[in-house]
Every structure is written in C-alpha cells, then in structure tokens.
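Novice: Below is one structure. I have some questions about it.
Protein chains: 2
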Amino acid sequence: MMANAIRVLAMDGVEKAKSGHPGMPMGMADVATVLFSKFLKFDASAPNWADRDRFILSAGHGSMLIYSLLHLTGYKQATREQLENFRQWGSRTAGHPEYGHLEGVEVTTGPLGQGLAHSVGFAMAERHLASRFGDELVDHRTWVIAGDGCLMEGISQEAIALAGRLKLNKLCVLWDDNAITIDGSVALSDATDQLARFKASGWAVKAIDGHDHGQIKKALAWATKQSVPTLIACKTKIGKGAATMEGSHKTHGAALGDMEIAASRQAMGWTAAPFEIPAELDKEWKKVGKAGSKHRKAWEARHLAHAQRDEFTRAMSGDLPNGAFAALDAKLKELVETKPAMATRQSSGEALATVFDAIPELVGGSADLTGSNNTFVKNTQIMDAPTYHGRYVNYGIREFGMAAAMNGMALHGGVIPYGGTFMVFSDYSRPAIRLAALMGTRVVHVLTHDSIGLGEDGPTHQPVEHLAALRAIPNLMVFRPADTVEALECWQVALQHKTTPSAMCLSRQKTPAVRTTDAGENLSRKGAYELKAANGTAKVSLFATGTEVAIALDAAAKLEAEGIATRVVSVPSFELFAQQPKAYQDAVIARGTVRVAVEAGLEQGWMRFIGEDGAFVGMTGFGASAPAEVLYEKFGITAGAVVEAAKARL
Amino acid sequence: MMANAIRVLAMDGVEKAKSGHPGMPMGMADVATVLFSKFLKFDASAPNWADRDRFILSAGHGSMLIYSLLHLTGYKQATREQLENFRQWGSRTAGHPEYGHLEGVEVTTGPLGQGLAHSVGFAMAERHLASRFGDELVDHRTWVIAGDGCLMEGISQEAIALAGRLKLNKLCVLWDDNAITIDGSVALSDATDQLARFKASGWAVKAIDGHDHGQIKKALAWATKQSVPTLIACKTKIGKGAATMEGSHKTHGAALGDMEIAASRQAMGWTAAPFEIPAELDKEWKKVGKAGSKHRKAWEARHLAHAQRDEFTRAMSGDLPNGAFAALDAKLKELVETKPAMATRQSSGEALATVFDAIPELVGGSADLTGSNNTFVKNTQIMDAPTYHGRYVNYGIREFGMAAAMNGMALHGGVIPYGGTFMVFSDYSRPAIRLAALMGTRVVHVLTHDSIGLGEDGPTHQPVEHLAALRAIPNLMVFRPADTVEALECWQVALQHKTTPSAMCLSRQKTPAVRTTDAGENLSRKGAYELKAANGTAKVSLFATGTEVAIALDAAAKLEAEGIATRVVSVPSFELFAQQPKAYQDAVIARGTVRVAVEAGLEQGWMRFIGEDGAFVGMTGFGASAPAEVLYEKFGITAGAVVEAAKARL
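Encoded structure:
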C-alpha cells in the first residue's frame with residue numbers, strides 16, 4: 001500500500017537520526033498519498049516548472065512526510081542517501097524542510113502557522129500572475145498540510161481571514177485533525193470548533209476520515225470546485241500504523257524505537273530493509289512522479305507560443321526589466337538640484353513612484369496604514385477578487401500575516417512584494433522577517449515612524465530597540481536613508497538583491513536634503529560613506545543615520561566654526577558596510593579621530609563604528625508621548641549634545 | 001447627556017493637542033457611559049482597590065475615552081489640566097494609555113490586540129485568586145473595549161481561544177463594531193463574521209446597537225449571567241456626534257478642526273467652554289464615580305475580618321513571603337558540592353522546584369512544550385474551570401497569547417507568572433515582552449533551546465540573533481546561566497525584581513557545573529563576575545555565557561598549560577552588569593588584557609566587553625540541522641578556537 005511506504009520511511013528516517021517527528025507523517029500518509037497521486041499537478045523531473053501546484057507542509061516538523069514523498073515520486077535530489085542522512089550536517093534533509101536545500105520544498109516551515117500564512121501569498125501570486133499572463137500560463141493550486149499547532153497560532157487567523165476576504169479558491173488546507181499536541185490532547189488547551197471558525201472567515205469546510213481514501217478523494221475533488229478557499233478537516237490518528245503507539249502523543253517528536261518499528265512493519269506486512277521500497281510499490285510511486293509530465297509538456301508548448309513568453313520567463317526568474325531604474329536615475333539627478341525637505345517616508349514614496357511602472361512585478365500594500373506608510377502609488381488598482389489584477393493589497397491590521405504573505409508571493413516567483421507598517425510593529429511581523437532572511441526572499445518592509453520622531457503616539461509606537469533588533473537578523477538589509485537621494489538609492493539596492501529581504505526604516509517627520517551634490521554613483525550601496533569631508537585633517541568623525549544625519553551635519557558646522565575639523569559619515573546600512581573591503585571600512589571609520597555616533601535608537605551595535613571610547617548620542621530607554629521636537633530636546637538628541645560629546649573627548 | 005461629555009472632551013483634547021484619535025471615544029461613548037454608570041464596580045477615590053472590576057481599553061488609540069471617563073468620575077489624578085495636556089511631555093495623559101502614568105489605567109494599550117490578550121490574564125488571575133482567597137475577597141469582572149484592529153490581529157485568536165477554553169465567564173469584550181479602519185471600510189480587508197468566530201471558540205455572543213442605552217444595558221446584564229466569556233458587538237458610528245464627519249474614517253486619527261467641533265457642539269446643544277463640564281452633568285458623573293464606594297467599604301470590612309487578610313495583602317502587594325528562598329539557599333550550598341552536569345533548562349526546573357511551594361503566587365505554564373521547557377513542578381495541578389485553583393496553565397501553541405496573559409496576571413496582582421517556550425519563538429511573543437518591559441511587569445519567560453546546541457531541529461529553531469535582540473529591549477533582564485548554581489541565582493534575582501520582566505535563556509544540551517565553590521553570595525546578581533582567576537597576572541580575559549562558559553574554562557586551562565595566565569568571566573546578564581559601579585565594571589572587563597568572548601550567538605553587543613580589538617567566537621549567521629556537537633565543531637565554537645583567537649592577539 002502506497003501510504004505505508006511513507007510510514008515506513010518516516011519511521012526509518014527518524015530512527016536512524018534518533019531524532020525527528022514520525023507521528024505526523026504516519027498520520028497524514030493517506031491524505032498525502034491521495035493528494036500526490038490524484039490531484040497535485042507536478043512533474044518530479046521538473047521541480048521548478050512554473051505552473052506546478054504548490055505543496056506546503058505547514059506542520060514542518062513532519063518533514064519526513066515531504067522528504068518521503070519527494071523520494072518516492074523520484075525527485076532527483078531526494079535520494080535514498082538523503083533520507084538516510086536525515087537531520088545530519090550537510091544533508092538536504094534538514095530537521096525541518098528548508099527552502100533552497102531540496103527541490104520540491106517550496107518554503108521553509110517549522111515555526112508553526114507560518115506555512116499556512118505563506119500559502120496565502122502563494123495563492124495571491126498565482127491569481128495575480130494569471131491575470132497578467134493568462135490562465136494558459138498560470139493556473140495552479142496551493143495545497144497545504146497544517147497541524148493543530150498551525151491553527152492555534154494567531155497568525156493562522158490573519159491568514160485565513162485574508163484568504164477568505166480575497167476568495168482565494170485555489171487554496172486548500174488539509175488539517176491534520178489528530179487531536180494531539182506535544183503536551184497531550186488538544187482538549188487540554190483548545191476547544192475551538194475549527195470548521196466553524198474557518199467558515200466565519202468565508203471558507204468552505206468539510207470534515208472527513210483522513211484514513212479513508214475514498215473520502216479523501218471525494219473531498220479533494222470537492223475542494224477544486226469551490227469559489228472560496230477550502231478547509232478539509234482530516235480526522236487522523238497520529239502515528240497511524242505504529243503497532244502499539246498509534247494515536248499517542250509519544251509518536252509526535254521522537255524515534256519509535258527498534259521494537260515498535262519491527263512490530264509496526266510486521267503488522268503492515270512490510271519486509272523490505274530500512275529505506276528500501278519494494279519494486280512494485282516503487283514503480284507505482286515513480287509513475288505518480290511522472291504523471292504530470294504530459295501537463296508540463298503541454299504547458300511548455302503553450303509557453304513557447306505565448307506572446308508574453310519572454311516577459312513571463314523574465315518575471316519568474318526574478319530579473320528586473322531593462323531600464324528598471326531609468327526614471328529613478330533621472331530623479332536622482334533632479335533631487336541633488338531641488339534638495340527637497342521631506343519625511344523619509346515621503347522620500348520612499350517618491351522612490352516607489354519612480355520604479356513602480358518600470359517593474360511590473362512590484363506589488364505593494366500596507367497593514368492598514370496606507371496613508372502613513374506612503375506605500376500607495378497613485379492610480380494603482382487594488383488586488384481583489386475576481387481578477388486580482390491590481391498591484392496593491394489591503395492587508396488589513398495583520399502585520400505578521402502580511403509579512404508571511406509577502407514571503408509566499410516572493411517564493412512563488414513573478415512578484416516582488418513590499419508592505420508597510422509602523423516600524424514598532426516589525427515586532428509583530430518579526431518571525432516572518434526572520435524566515436525571509438533565512439530563505440532569502442526579496443521582500444521590502446516599509447517601516448515608517450522609525451523613532452521618537454513620530455511624537456505624540458508615545459512609547460508603544462516609538463521604536464528604540466528596533467534598529468538594533470532588525471540589524472541582528474542575519475541576511476536582512478536594514479536601511480535608514482537620510483533623505484530622498486538616499487531613499488532612492490536604498491530602494492535601488494533593495495530591489496537589486498534577489499535573495500535578500502530589506503527593511504526600509506523611514507521617518508514620520510520632515511528632514512532636510514543632505515545629499516546635495518551628484519556623486520555619480522549609488523553611495524548608499526557601500527553602507528556608509530563620508531558625506532561631508534573635514535576642513536583640513538579630521539579631528540572628529542560623526543556617524544549618523546536617517547533623520548539624525550541632519551543633526552550630525554549641524555553639529556559638524558558648529559564644530560568647524562570653532563576650528564575643529566569634522567567629517568560626517570552617513571550610514572544607511574550596517575550590513576552593506578560590513579561587506580566592504582577592510583581598507584574602505586578603515587578609511588570610513590577613521591579610528592584616529594574622535595568618534596561620535598548619533599541615532600535616535602539604542603547604542604547596541606554602534607561600537608563597531610565608534611569603539612569603546614567613542615560617544616553615542618541616542619536613546620537609553622523607551623520614549624515618551626510629546627511632540628517630536630520636544631522629545632529630541634528632552635532626550636538630548638541634538639547637535640549641541642553631539643558637539644559636547646565630541647569636545648569632551650578631544 | 002452623559003455620553004456627550006465624553007464626546008466633547010475627546011474632541012477638545014485632540015484639538016488642543018492637534019493630535020490623537022477622537023473617532024473611537026465618540027463612537028463608544030454610549031457603551032462606556034452605560035458600562036461605567038451601571039455595571040463597572042469601581043470607586044474613583046480608591047483606584048487600587050483590589051476587588052475593583054478591571055476596565056481595559058484594548059483599542060488604546062482611543063485614549064481620550066478612558067481619560068475622559070476617569071476625569072468625569074473623579075479620579076484624583078485625572079484632572080482637567082491633564083486633559084488639557086493630552087499627549088504633552090510629562091503629562092499623565094500620554095498618546096496611548098500608559099500603565100503607571102495614571103491611576104485607573106490598568107494596562108498599557110495601543111499595540112492592537114494586546115489589551116484583549118492581556119485581559120485574559122486579568123480574568124485568569126481573578127478566578128485563580130478567588131479560589132485561593134474566596135469569593136468574599138475576589139469577585140470582580142474584566143471588561144474590555146476592543147476595536148476592529150484588535151480583532152484582526154492574530155493575537156486576538158490566541159486570546160479568545162484560550163479564554164473560551166478556560167470558560168472565563170467574567171470576561172466581557174465590547175467590540176466597537178464601527179466597520180471603519182484607517183484605510184477606509186473594514187470590508188476592504190475583512191469579511192469575517194466575528195460573532196460566529198467567537199462562538200466557535202466557546203464564547204457567548206450578542207449584537208446590539210451601540211448607541212441605544214436600553215440595548216446596551218440589557219446586553220451588559222446578559223453578559224453577567226453567562227457561564228462562558230462574552231462578546232457584545234456594539235454597532236456604532238465612528239465619530240458619533242460629529243456634525244458632518246460622523247461615520248467617516250476621517251474622525252479616526254486626527255483633530256476634527258475648529259469648525260467641525262463648533263458645529264458638533266451646537267448640534268449637541270453643548271455651550272460650555274472647552275474642557276468644561278456643566279455643573280449638573282458633572283454632578284451626575286461624579287455620583288457614578290462614588291457609587292462603588294459602598295461596595296468597597298463592605299469589601300474592606302470583609303477583608304478586615306478575613307483569616308487570610310495579611311496574606312492577601314502581601315500577595316497583592318507583590319512582596320515575596322518570608323523565607324521564599326530558604327530552600328533555594330540550601331540547594332545552592334548542596335550544588336557546589338554535588339556539581340551536577342545537566343542542561344540549564346533542567347537547572348531552571350531545579351530552581352523552580354526550590355521556590356514553587358514557598359511562593360504561592362507563582363503560576364507556571366508553557367506554550368505546549370512542558371516537557372522540553374522544564375516548567376512543570378511535580379504534582380502541580382492544572383489551572384482550569386471550574387475552580388481555577390491549579391498553578392499550571394496549558395497555554396496551547398500560543399506564545400504571544402501566553403506572554404500577554406502573563407502580563408495581565410502580573411498587572412492584576414497576586415500572581416507571579418512564568419511561561420515557557422523555545423527561545424526562537426520569543427520572536428512570536430516579542431511584542432508582549434516589550435510591553436512587559438515598558439510597563440514593568442514581573443513575568444519570567446523560560447526560553448529553552450537557546451542556541452545551535454538544540455541540534456537537529458535546525459535553523460528555524462535555533463536562536464542566533466535572539467540574545468542580541470532580547471538584550472536590546474530596555475528594562476528586560478536577559479539571563480543566560482552557565483550551570484545550576486547560576487540558574488538558581490538568576491531565578492532569585494528575577495523573582496526579587498518586582499518591576500522588571502526576565503528572559504531566562506536555557507540550554508537543551510547538558511553542560512558541566514562551573515560554579516564549584518560556595519561564593520557565599522549571589523554572584524549572578526552582578527551580571528558578570530570573575531569565575532576563574534588567572535594564575536599570576538592575567539594576560540587573557542575570556543568572557544562567556546551559558547553553555548559556553550564551560551568552553552571558556554576549557555580554553556583557559558589550555559592557555560594556562562602553555563603558561564598564558566588566563567581569567568574567565570561568566571556573564572549571566574548584560575543588564576545587571578551595566579548597573580554595577582564603573583570601578584567594578586572596569587575590573588571585570590580588564591582592558592589591558594587580550595579579550596575574547598565566546599557565545600553561541602551573534603557578536604552584536606559584545607564590544608562593550610571585548611572592545612574593537614577583542615575577538616568574538618560565536619555565530620555569524622543562521623545555524624544548521626545536525627547534532628549539537630557537530631554544529632559546535634562546524635561553526636567553530638570550541639575551546640581550540642578560543643585559544644587560537646587569544647594567541648593571535650598576544
């Protein structure tokens with residue numbers, strides 16, 4: 001029986017690793033078998049075929065389920081050796097499915113709820129691209145297996161409400177309704193009627209016996225006919241097939257042990273060696289892996305004949321169109337002349353306006369702060385049912401759901417998502433930003449209101465630790481542009497990095513133009529650069545980001561007026577600076593000078609610029625509720641304070 | 001009309017500040033008026049009366065609603081002057097309600113959804129304390145006003161599912177169902193049937209006209225009779241009473257302007273000067289503020305006569321019982337003898353076991369990782385309906401909801417909550433940890449699996465940036481104990497700080513005892529201390545935390561064997577170290593020595609110990625899936641690497 005092949009591989013893999021989660025793969029083996037063999041549109045020989053159905057294992061701890069499926073259906077990278085090296089150094093079969101490690105894994109999962117939330121983005125991208133290129137090129141489904149944990153996480157509500165609102169009918173969630181969590185029965189901590197809950201958000205729902213292939217088949221067929229997203233509650237036994245432990249939470253997160261495995265194999269009539277699949281069964285599964293190839297070939301023919309063939313290929317590749325930055329470059333030249341003073345969130349809006357038409361993959365949105373985030377480009381249509389043609393998403397007050405959906409769209413391909421919220425609420429979306437960094441998705445988080453400069457809303461809305469906290473995430477580019485020129489440059493860099501997410505940190509309050517001469521190159525790309533040279537041999541170096549660059553320039557002018565040669569370094573991105581050659585870094589840092597940094601955040605991380613002896617002018621704790629200018633004064637983030645700090649060290 | 005007093009004050013306050021949110025207070029003025037005048041048990045002259053009902057404005061942007069109510073009912077601190085200084089420096093009337101600024105504000109709100117999630121903790125604490133001290137001392141309700149934003153945030157699902165499961169029938173949520181968000185109509189981003197959704201999680205629900213006092217009164221009376229938590233959907237018009245802007249999202253987040261306010265006042269027949277309440281109306285409202293005093297006095301009499309009077313007072317004060325740490329102190333003496341090697345998560349479990357009986361306020365729990373977090377003390381009962389007597393909560397897979405509920409319990413008083421999850425998922429609960437730090441709640445986050453040392457689960461589960469990110473939060477004590485002695489010490493410090501939350505970062509993997517002599521004092525309290533002195537004048541200083549302290553000791557032994565005098569500093573808490581006298585800090589840091597830090601996390605923040613020239617042995621990016629010992633080797637976090645780094649700098 002095909003499903004037993006999954007069960008045995010799951011037992012074997014976890015047993016060999018002495019680590020892992022056999023219960024879920026065993027429980028969902030039947031559902032997965034029917035899905036893969038009768039419904040999922042895929043071709044194991046072409047894992048990256050653009051019009052494949054997407055399969056997302058939101059309950060990522062059950063990774064042996066997807067590894068088994070990929071192996072059984074003949075994905076080239078999912079070798080027996082990989083299964084035998086489950087959870088070992090250098091293997092493609094990591095403890096949780098990792099995007100980029102193994103073809104067929106569409107998204108990194110494990111942090112619960114997020115696979116489900118990412119799947120909404122996949123489904124959005126699919127419909128949006130179908131509207132752009134036509135159903136003949138884009139017409140596939142997104143199938144998700146989710147567990148109780150996924151549904152308990154709050155993110156699930158954001159995901160299902162957004163999907164329900166958008167009527168994403170090609171999204172189907174298969175809930176592993178096994179009534180078991182790590183601590184025991186689901187009833188210990190939950191009494192939610194999940195069917196009613198999904199229904200309340202506009203989903204079509206159905207409950208089935210997750211071990212009855214007939215019921216599964218019927219339900220999946222039903223799902224393909226709905227006009228709204230679908231939830232199928234699959235009543236299963238965790239660890240189904242385990243001789244004595246079936247149905248117990250003990251099968252969830254540990255190897256079953258030799259004895260139990262032997263007994264289970266015997267009960268299944270399974271005599272093959274560990275990791276070995278009997279020839280007949282192997283043939284049957286491989287056939288499943290090949291079944292989609294006729295669809296793929298037909299699609300390739302359609303693609304070849306399609307008027308937008310090359311444009312589709314380009315869009316899916318993630319390459320930017322030719323001339324993507326022509327308007328941006330022109331605008332840069334204009335800005336050094338016009339020197340506009342504005343909030344950097346407005347500057348970001350200007351940047352978007354220069355690229356939005358030129359890069360049709362850009363899809364924006366906001367977590368209900370459109371006007372504040374300056375994320376909306378004039379005349380853009382809203383992405384909504386039934387056409388999904390618009391390029392702006394009303395994400396609702398769902399920062400985390402937005403960030404996850406953005407990742408999903410980026411992973412699907414053909415879309416470059418950006419989304420706005422207040423910077424302080426990057427805490428809400430943080431787990432998805434982390435996944436973006438881990439997977440390397442090109443998403444741009446537009447984080448406005450980036451300091452006490454937002455004023456009266458007070459400390460709950462004022463980031464102080466967030467620059468440090470975001471900079472702490474590996475492979476995330478954190479930008480804090482100082483003016484419109486830098487904002488355009490930072491956007492350009494963000495969009496040019498195909499495998500790096502960005503956080504664009506932007507002010508609510510107005511700030512003067514500081515880049516007032518044409519450098520002829522994108523200086524922000526270096527992460528930090530000398531914005532103003534000292535008059536003579538520099539005695540003082542001032543480092544600043546964002547709105548505080550103007551303060552540093554002001555302080556420099558005051559110091560120079562007293563005959564103290566002072567240079568100013570703008571630091572739009574720590575991460576990009578860290579990638580520069582050491583000689584460049586040393587020149588910018590200028591260790592021989594008195595070094596002072598000014599940023600309306602915490603000091604953490606700044607010593608790489610100012611050393612132990614340098615001074616930091618910034619925040620030391622939470623902000624307060626008052627007008628912005630009062631707060632800067634009260635918290636001592638002023639040119640005067642910078643001057644004093646420098647002079648105290650001369 | 002009483003409700004109009006709220007409306008006018010809201011308009012006046014926002015107008016004077018030229019900043020704020022009048023729409024919500026105006027829309028919910030009727031509901032709030034009925035609640036405060038007919039149902040809410042409170043005495044404005046005794047804001048901290050233990051048995052008062054708790055009122056939580058989850059939609060915190062509508063702060064003028066609560067400020068108006070507190071002013072109108074006669075709370076001493078809520079003066080007219082405070083209303084006039086709404087959102088100004090030093091005022092009690094911050095942009096969003098801030099706990100500790102103004103009596104009557106039970107919790108800081110503004111980050112949406114969190115007031116609702118905190119309210120669950122209030123309701124839990126109430127029932128739990130009722131079981132401990134009897135209904136004659138503890139018998140009050142928790143009333144919440146929540147907006148559309150609160151209900152869209154994922155955290156709301158965690159909160160309502162937990163409350164529903166626990167049948168917290170004294171919790172009532174009044175939903176401001178105004179169908180408006182910042183970007184426009186709720187329908188732009190949501191189509192959820194909220195009544196059905198709450199019902200699905202076991203709530204009793206009802207929809208009313210939120211401007212019909214008769215309906216409001218009937219619904220609130222109904223709510224007090226239910227056996228499960230209640231949701232009342234109050235259909236309202238945002239900005240109700242605004243002459244031309246009523247019902248428009250334009251009333252949400254900005255001053256209405258002189259003209260609109262004048263017209264609105266005229267339509268209401270309101271002629272008093274700004275911030276002035278007509279005498280009759282003032283009298284009526286003040287009467288409301290005094291109505292509860294008879295209940296309060298009756299309660300005081302009951303309290304006076306109560307057998308557990310002093311114990312109740314102590315528990316509510318937050319003071320620990322005498323002898324709270326007797327068993328812990330004894331255990332410490334034992335540990336330096338027995339020198340047990342164990343995972344620090346086990347050490348934390350040992351610490352809990354020594355204080356759990358002695359501190360009856362401790363209420364533990366886990367987000368479904370009880371066995372992994374070592375949060376469960378043997379023989380503890382589960383907190384559940386109908387008695388709520390147990391001291392362990394099955395929070396379910398809801399890290400954020402757990403963290404918020406913990407804050408709510410701590411704010412209610414009489415409970416010291418701790419809760420466990422994997423450290424990487426502190427990202428999920430981060431927004432509530434931040435609020436804990438901002439408000440100063442004594443909650444302890446038990447964060448196990450604190451590094452790549454968790455092994456095979458891989459990078460989705462391995463914190464690398466989390467130590468830096470948690471250390472970035474002001475007023476949060478981040479502990480990373482090196483062994484069982486330090487774990488006990490850190491727990492003691494955490495529990496002794498009444499207004500500081502703690503994060504206890506703990507290993508999955510075993511580590512040897514490193515504190516093997518009785519210091520006679522709690523050394524962890526200093527944040528960092530010399531664990532091992534150099535043999536002779538120190539040439540090298542090694543700094544480490546947690547499981548890496550053993551690596552540092554190993555490296556020191558190797559260096560000493562080569563004749564290089566090396567000291568080792570254990571750093572259980574950056575925050576506590578930063579509070580030490582400068583002379584102590586300098587002595588510990590020992591700038592003249594070669595300095596090397598080792599921690600299985602990122603470098604960010606470590607320069608304060610090692611300076612620009614020091615070496616950091618740790619992570620530079622995400623982890624990987626493999627057994628722990630392999631990962632330490634592959635990522636080069638070894639004694640050998642520490643030795644090399646030191647020698648390279650000698």
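Going down the list, the sequences are from chains Y and X. Residue numbering for the first sequence follows the UniProt record's numbering, beginning at 1 and increasing consecutively. Residue numbering for the second sequence follows the UniProt record's numbering, beginning at 1 and increasing consecutively. Don't be surprised by glycine CBs; every beta carbon is placed ideally from N, CA and C.
Give a yes or no on whether 8 Å exceeds the smallest Cβ distance from HIS461(Y) to chain X.
Specialist: For the purposes of this step, residue 461(Y) is taken as the residue at position 461 of the first sequence. So, interface residue.
Novice: Which bits of chain X does ARG649(Y) rub up against, with CB to CB less than 8 Å?
Specialist: If you number the first sequence from 1, residue 649(Y) lands on position 649. Within 8 Å Cβ-Cβ: nothing; ARG649(Y) doesn't reach chain X, min ~15 Å.
Novice: Since HIS445(Y) is in the beta strand (DSSP E), which residue starts that stretch and which ends it?
Specialist: Numbered from its first residue, the first sequence carries residue 445(Y) at position 445. Start and end: 444-448.
Novice: Between ILE637(X) and chain Y, is any beta-carbon pair separated by less than 8 Å?
Specialist: The count along the second sequence starts at 1 and reaches residue 637(X) at position 637. With 8 Å as the cut-off, ILE637(X) does not count as an interface residue toward chain Y.
Novice: Is there a Cβ of chain Y sitting closer than 8 Å to that of TYR529(X), yes or no?
Specialist: As a position in the second sequence, residue 529(X) is number 529, starting the count at 1. No, no contact with chain Y.
Novice: Would you list the residues sitting across from PRO417(Y) in a DSSP beta bridge?
Specialist: As a position in the first sequence, residue 417(Y) is number 417, starting the count at 1. In DSSP, PRO417(Y) forms a bridge with VAL363(Y).
Novice: I think ALA125(X) touches VAL415(X), with their Cβ atoms under 8 Å apart; what is that distance to the nearest whole Å?
Specialist: Taking the first residue of the second sequence as position 1, residue 125(X) is located at position 125. Taking the first residue of the second sequence as position 1, residue 415(X) is located at position 415. Yes, they are in contact, since the Cβ atoms of ALA125(X) and VAL415(X) sit about 5 Å apart, within 8 Å.
Novice: Rank THR484(X), MET477(X), SER507(X) and CYS505(X) by C-alpha distance to the C-alpha of VAL493(X) and give the top, closest one.
Specialist: To locate residue 493(X), count along the second sequence from 1; it is residue 493. Among THR484(X), MET477(X), SER507(X) and CYS505(X), the Cα nearest to that of VAL493(X) belongs to MET477(X).
Novice: Under 8 Å, CB to CB, which of the residues in the region 474-505 of chain X have a partner in chain Y?
Specialist: The residues in question are PRO474 and ASN475.
Novice: Starting from the N-terminal side, write out each stretch of the alpha helix (DSSP H) that is 4 residues or longer and does not extend beyond the region 250-274 of chain X.
Specialist: For the region 250-274 of chain X, whole alpha helix (DSSP H) runs of length 4 or above, ordered along the chain, are 258-268.
Novice: Less than 7 Å between the CB of ARG132(Y) and some heavy atom of the ligand HEM, yes or no?
Specialist: No copy of the ligand HEM appears in this structure; indeed no ligand is present at all.
Novice: So, are the CB atoms of SER232(Y) and TRP175(Y) less than 8 Å apart?
Specialist: The residue labelled residue 232(Y) in the question sits at position 232 within the first sequence. The residue labelled residue 175(Y) in the question sits at position 175 within the first sequence. A small correction: the amino acid at residue 232(Y) is Ile; Ser does not occupy that position in the sequence shown. Yes, Cβ-Cβ distance for ILE232(Y) and TRP175(Y) is below 8 Å.
Novice: Could you check what DSSP says for GLU93(Y) in three-state terms: helix, strand or coil?
Specialist: The residue you call residue 93(Y) lines up with position 93 of the first sequence. According to the sequence shown, residue 93(Y) is Thr rather than Glu. THR93(Y): coil per DSSP, three-state reduction.
Novice: Quick one: give me the first and last residue of the beta strand (DSSP E) that residue 652(Y) is part of.
Specialist: A question about residue 652(Y) goes unanswered here, because the residues of chain Y that appear run from 1 up to 650.
Novice: Can you tell which of GLU300(Y), THR516(Y), MET383(Y) and LEU171(Y) has its C-alpha closest to the C-alpha of PRO340(Y)?
Specialist: Mapped onto the first sequence, residue 340(Y) falls at position 340. For the residues GLU300(Y), THR516(Y), MET383(Y) and LEU171(Y), the minimum Cα distance to PRO340(Y) belongs to THR516(Y).
Novice: In whole angstroms, what separates the C-alpha of LEU188(Y) from that of ASP368(X)?
Specialist: Reading the first sequence from its first residue, position 188 is the one you call residue 188(Y). Reading the second sequence from its first residue, position 368 is the one you call residue 368(X). C-alpha separation (whole angstroms): 10 Å.
Novice: With C-beta atoms as the reference, is VAL186(Y) less than 8 Å away from ASP148(Y)?
Specialist: Here residue 186(Y) refers to the residue found at position 186 when the first sequence is read from its first residue. Here residue 148(Y) refers to the residue found at position 148 when the first sequence is read from its first residue. Against a cut-off of 8 Å, the Cβ pair of ASP148(Y) and VAL186(Y) comes out as a contact.
Novice: Mapping DSSP to helix, strand and coil, what is THR230(Y)?
Specialist: Locating residue 230(Y) in the first sequence gives position 230, where the first residue counts as 1. Note: THR230(Y) maps to strand in three-state DSSP.
Novice: Under a Cβ-count criterion, where at least 16 other Cβ atoms within 10 Å of its own Cβ denotes burial, should ASP357(X) be classed as buried or exposed?
Specialist: For the purposes of this step, residue 357(X) is identified with residue 357 of the second sequence, where counting begins at 1. Exposed, since its Cβ has fewer than 16 Cβ neighbours within 10 Å.
Novice: Cα separation between ALA645(X) and LYS558(X)?
Specialist: In the second sequence, the residue the question calls residue 645(X) occupies position 645. In the second sequence, the residue the question calls residue 558(X) occupies position 558. Going by the C-alpha atoms only, they are around 13 Å apart.
Novice: Buried or exposed: which applies to GLY572(X), given that a residue is buried once 16 or more other Cβ atoms fall within 10 Å of its Cβ?
Specialist: By one-based count along the second sequence, residue 572(X) stands at place 572. The sequence shown places Pro at residue 572(X), rather than the Gly named in the question. Buried, by the Cβ-count rule.
Novice: What whole-angstrom Cβ distance do GLY364(X) and THR375(X) have, given they're in contact under 8 Å?
Specialist: As a working mapping, residue 364(X) is identified with position 364 in the second sequence. As a working mapping, residue 375(X) is identified with position 375 in the second sequence. The Cβ separation is near 5 Å, so the contact holds.
Novice: Using 10 angstroms around the beta-carbon of PRO97(Y), count the other beta-carbons present and answer buried if the total reaches 16, otherwise exposed.
Specialist: On the first sequence, position 97 is the one that residue 97(Y) refers to. Per the 10 Å Cβ criterion, buried.
Novice: Are at least three pairs of beta-carbons, each pair with one atom in the region 138-146 of chain X and one in the region 427-447 of chain X, less than 8 Å apart?
Specialist: In short, these stretches do not touch, since the Cβ pair count stays below three.
Novice: How big is the Cα-Cα spacing for ALA5(Y) and ILE66(Y)?
Specialist: Mapped onto the first sequence, residue 5(Y) falls at position 5. Mapped onto the first sequence, residue 66(Y) falls at position 66. Cα to Cα, ALA5(Y) sits roughly 12 Å from ILE66(Y).
Novice: Let me know the alpha helix (DSSP H) ranges lying completely inside the region 17-42 of chain Y, each 4 residues or longer, listed in chain order.
Specialist: Listed in chain order, they are 23-27 and 29-34.
Novice: MET259(Y): buried (16+ other C-beta within 10 angstroms of its C-beta) or exposed?
Specialist: By 1-based counting over the first sequence, the position of residue 259(Y) is 259. MET259(Y) is exposed by the Cβ-count criterion.
Novice: For ALA50(Y), which residues of its own chain have a beta-carbon under 6 Å away from its beta-carbon, when the five flanking residues on both sides are left out?
Specialist: Within the first sequence, residue 50(Y) is the residue found at index 50, counting from 1. Cβ within range, chain order: MET316.
Novice: Among THR33(Y), ALA561(Y), ARG165(Y) and SER541(Y), which has the Cα closest to the Cα of GLY202(Y)?
Specialist: For the purposes of this step, residue 202(Y) is taken as the residue at position 202 of the first sequence. Comparing Cα positions, the closest option is ARG165(Y).
Novice: Is it true that the CB of PRO22(X) sits closer than 8 Å to the CB of SER68(X)?
Specialist: Counting from 1 along the second sequence, the entry for residue 68(X) is found at position 68. Counting from 1 along the second sequence, the entry for residue 22(X) is found at position 22. Going by C-beta atoms, SER68(X) is not nearer than 8 Å to PRO22(X).
Novice: Report the option in ALA626(Y), ALA641(Y), ASP586(Y) and MET11(Y) whose CA atom is closest to the CA atom of ALA556(Y).
Specialist: The residue you call residue 556(Y) lines up with position 556 of the first sequence. Closest by alpha carbon: ALA641(Y).
Novice: Identify the contact partners of ASP427(X) in chain Y, using a Cβ-Cβ distance below 7 Å as the criterion.
Specialist: Position 427 of the second sequence, counting from 1, holds the residue named residue 427(X). ARG430, PRO431 and ARG434, listed in chain order.
Novice: Quick check: what's the CA-CA separation for LEU57(Y) versus GLN114(X)?
Specialist: Along the first sequence, read from residue 1 onward, the residue named residue 57(Y) stands at position 57. Along the second sequence, read from residue 1 onward, the residue named residue 114(X) stands at position 114. If I take the Cα positions, the gap works out to 29 Å.
Novice: Quick one: which chain X residues come within Cβ less than 8 Å of PHE275(Y)?
Specialist: Walking along the first sequence from the start, residue 275(Y) turns up at place 275. Within chain X, no residue comes near PHE275(Y); the closest Cβ sits about 18 Å away, beyond 8 Å.
Novice: List in chain order: all unbroken alpha helix (DSSP H) runs of 4+ residues lying wholly within the region 174-203 of chain Y.
Specialist: Complete alpha helix (DSSP H) runs here, min 4: 194-200.
Novice: Would you call ASN379(X) buried or exposed, if buried means 16 or more other Cβ atoms sit within 10 Å of its Cβ?
Specialist: Along the second sequence, read from residue 1 onward, the residue named residue 379(X) stands at position 379. It is exposed - the Cβ of ASN379(X) has fewer than 16 other Cβ atoms within 10 Å.
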